[in-house]
Amino acid sequence: MTTAKLASLMARGTEFLGCETAILCGAMSWVSERHLVSAISNAGGFGVIACGAMTPELLDAEIAATKALTAKPFGVNLITMHPQLFDLIAVCARHDVSHVVLAGGLPPKGSIEAIKANGAKLICFAPALALAKKLVRSGVDALVVEGMEAGGHIGPVATSVLAQEILPEMAEQVPVFVAGGIGRGEAIAAYLEMGAAGVQLGTRFACASESIAHPAFKKAFFRASARDAIASVQIDPRLPVIPVRSLKNAGMENFTAKQREVANLLDQGAVDMMEAQLQIEHFWAGALRRAVIDGDVEGGSLMAGQSVGMVTKEEPVADIIAELMVQAATALERRAA
Ligand SMILES: Cc1cc2nc3c(=O)[nH]c(=O)nc-3n(C[C@H](O)[C@H](O)[C@H](O)COP(=O)(O)O)c2cc1C
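Under the working numbering, read the sequence shown as residues 1413 to 1749, first letter to last.
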C-alpha cells in the first residue's frame, strides 16, 4: 500500500528517466565514472556520467565502458563552458545517450536543439523561478532544483526555499527533481509530496562500495559532520569565486591566503586583472582529482554537501537506494495513519 503510494508519487520521474526509482545520482567529477554510474542504474536508480573537462575521445570511451556494465539507461552531464561542447553532444548522439544534463549556466545558443535533435531528453539546473520558466520555454524537458546545501559548485539559496518557490509553479509543466542536502528517505517523501518528480543525491553516493574514490577521501567523509562541509568564500570583489562546498581542510585555508596574495599583487600593479583571475582559477585546477584519485585530503578539494554527516560507512549502492526507499515509504505510511 505505502510502497504503492511511493511508486505513484515517483511515477512521473521513473517514466521520464526510464528506471525503477526516481533517484538520480548527480554527476560528480572524477567520482561518477563507469563503475558508480552503472552500479546506480543497475540498482534501479539513474546514474549520470560526469564529463567535466574530459575530451570527446575520453567521453566516448567512458560511455562505451558504462554501456558494457549496464543495459539500463544512464545520463551524461556536460558543462556549458566546455570549449568542445558541441563535439561532446555529438559523442552522446552517436551513443544514443537517452538523457543529457547540462550544468554550468544557461545553455549556449544552438545547444538545446543539438541535444534534442537525436531524441535525447535535456535536463537543466534551475537556480531561480524566472530561469526555470525561461528554460522550459526554450524546450528543456526537466529541471533540477539544487540548493546551497549541496556538494560542489553552489548557488546562494537553500533547497527548501527553491523547492517552495519552483515546485508549485513548474511541477505540472515538466518533471522537477530536487537536489541538495538530501540524506534520508523522509526528505525524499517530503519533496515528492510537494510535487517533485524525484530527487538527485550526490554526497550520499560518493563513498559507496562501487565508487572509485580513494580510501582516504572516503574516510574523510565518514568522519565529517554537516558543519565541516563549508562554502569557499570570495575575499575580493575584483576576483570572482564561484562558491564550492567542500570539507574544511588546509587547501581551503590556502585558497583564502592565495586570494589575499593575488589581491595584493593587483594593488601593487604587479599583475593585470586577467592574470590575477587566472591565478585564482588555476588554484583549484586538479584539486578535486588530487583528493578523489590520489587521496590528498589536505591539499585537495573534498567536495561534499551538508548531508555528509549522514554518510557513515561504505555500502553498496543497492543498499543505499533500498534504505532510502524504505525510509520514504515508512514516512508516507506514518502520514497516512
Ligand atoms: C564530489 C562532488 C563532485 C561534483 N561534481 C559535479 C559536476 O561535475 N557536475 C555537476 O553538475 N554537479 C556536480 N556535483 C553536484 C552533484 O551532482 C549533486 O547535484 C549534488 O551532490 C547534490 O547535492 P548533495 O551533495 O547534497 O547530495 C558534485 C558533487 C560532489 C559531492
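Just so it is clear, CB atoms sit at the ideal spot from N, CA and C, and this is done for glycine as well. Predicted model, so just to flag it, every value in this text is computed and none were measured.
Can you tell me the Cβ-Cβ gap for residue i and residue j, rounded? I've got them flagged as a contact below 8 Å.
i, j, result
"residue 1512", "residue 1488", "6 Å"
"residue 1703", "residue 1717", "About 15 Å; that fails the 8 Å criterion."
"residue 1498", "residue 1459", "So it is not a contact: roughly 24 Å between Cβ atoms."
"residue 1614", "residue 1563", "5 Å"
"residue 1535", "residue 1509", "Actually they are not in contact, since the Cβ atoms of residue 1535 and residue 1509 sit about 12 Å apart, beyond 8 Å."
"residue 1733", "residue 1455", "5 Å"
"residue 1715", "residue 1657", "7 Å"
"residue 1743", "residue 1593", "Going by Cβ atoms, the distance from residue 1743 to residue 1593 rounds to 16 Å, so no, they are not a contact pair."
Suppose you measure from the CA of residue i to the CA of residue j; what does that come to, to the nearest Å?
i, j, result
"residue 1413", "residue 1611", "Unreliable placement is indicated for residue 1413, whose pLDDT of 45 sits below 50; the coordinate value is still reported in the next sentence. For residue 1413 and residue 1611, the distance between alpha carbons rounds to 21 Å."
"residue 1686", "residue 1693", "11 Å"
"residue 1589", "residue 1616", "16 Å"
"residue 1447", "residue 1707", "18 Å"
"residue 1451", "residue 1476", "15 Å"
"residue 1726", "residue 1620", "5 Å"
"residue 1500", "residue 1745", "44 Å"
"residue 1421", "residue 1606", "10 Å"
"residue 1584", "residue 1428", "14 Å"
"residue 1650", "residue 1520", "25 Å"
"residue 1635", "residue 1573", "29 Å"
"residue 1591", "residue 1467", "27 Å"
"residue 1604", "residue 1526", "31 Å"
"residue 1662", "residue 1719", "21 Å"
"residue 1722", "residue 1677", "42 Å"
"residue 1580", "residue 1528", "26 Å"
"residue 1478", "residue 1471", "10 Å"
"residue 1415", "residue 1424", "15 Å"
Buried or exposed for residue i, going by 16 or more other Cβ atoms inside 10 Å?
i, result
"residue 1690", "exposed"
"residue 1654", "exposed"
"residue 1433", "buried"
"residue 1560", "buried"
"residue 1493", "exposed"
"residue 1495", "exposed"
"residue 1671", "buried"
"residue 1710", "exposed"
"residue 1684", "exposed"
"residue 1558", "buried"
"residue 1644", "buried"
"residue 1587", "buried"
"residue 1747", "exposed"
"residue 1444", "buried"
"residue 1553", "buried"
"residue 1575", "buried"
"residue 1571", "buried"
Any C-beta of chain C sitting closer than 7 Å to the C-beta of residue i?
i, result
"residue 1629", "You won't find chain C in this structure, because it holds only one protein chain."
(message) Please give the ranges of any beta strand (DSSP E) in the region 1474–1524, keeping only runs that are unbroken, at least 3 residues long and fully inside the region.
(response) 1487–1491 and 1511–1515
(request) Write down every uninterrupted run of the beta strand (DSSP E) in the region 1644–1704 whose length is 3 residues or greater and which is fully enclosed by it, in chain order. (result) 1656–1659
(request) Can you check the region 1551–1583 for any alpha helix (DSSP H) of at least 4 residues that lies completely inside it and give the ranges in chain order? (result) 1571–1582
(request) Taking only runs that begin and end inside the region 1591–1641, name each unbroken beta strand (DSSP E) of 3 or more residues, in chain order. (result) 1610–1613
(message) Give me the pocket residues for ligand 1, defined as CB within less than 6 Å of any heavy atom, sorted by chain position.
(response) 1438, 1439, 1440, 1441, 1443, 1462, 1464, 1489, 1515, 1558, 1561, 1562, 1563, 1564, 1591, 1592, 1593, 1594, 1612, 1613, 1614, 1615, 1616, 1618, 1715, 1716, 1717 and 1719
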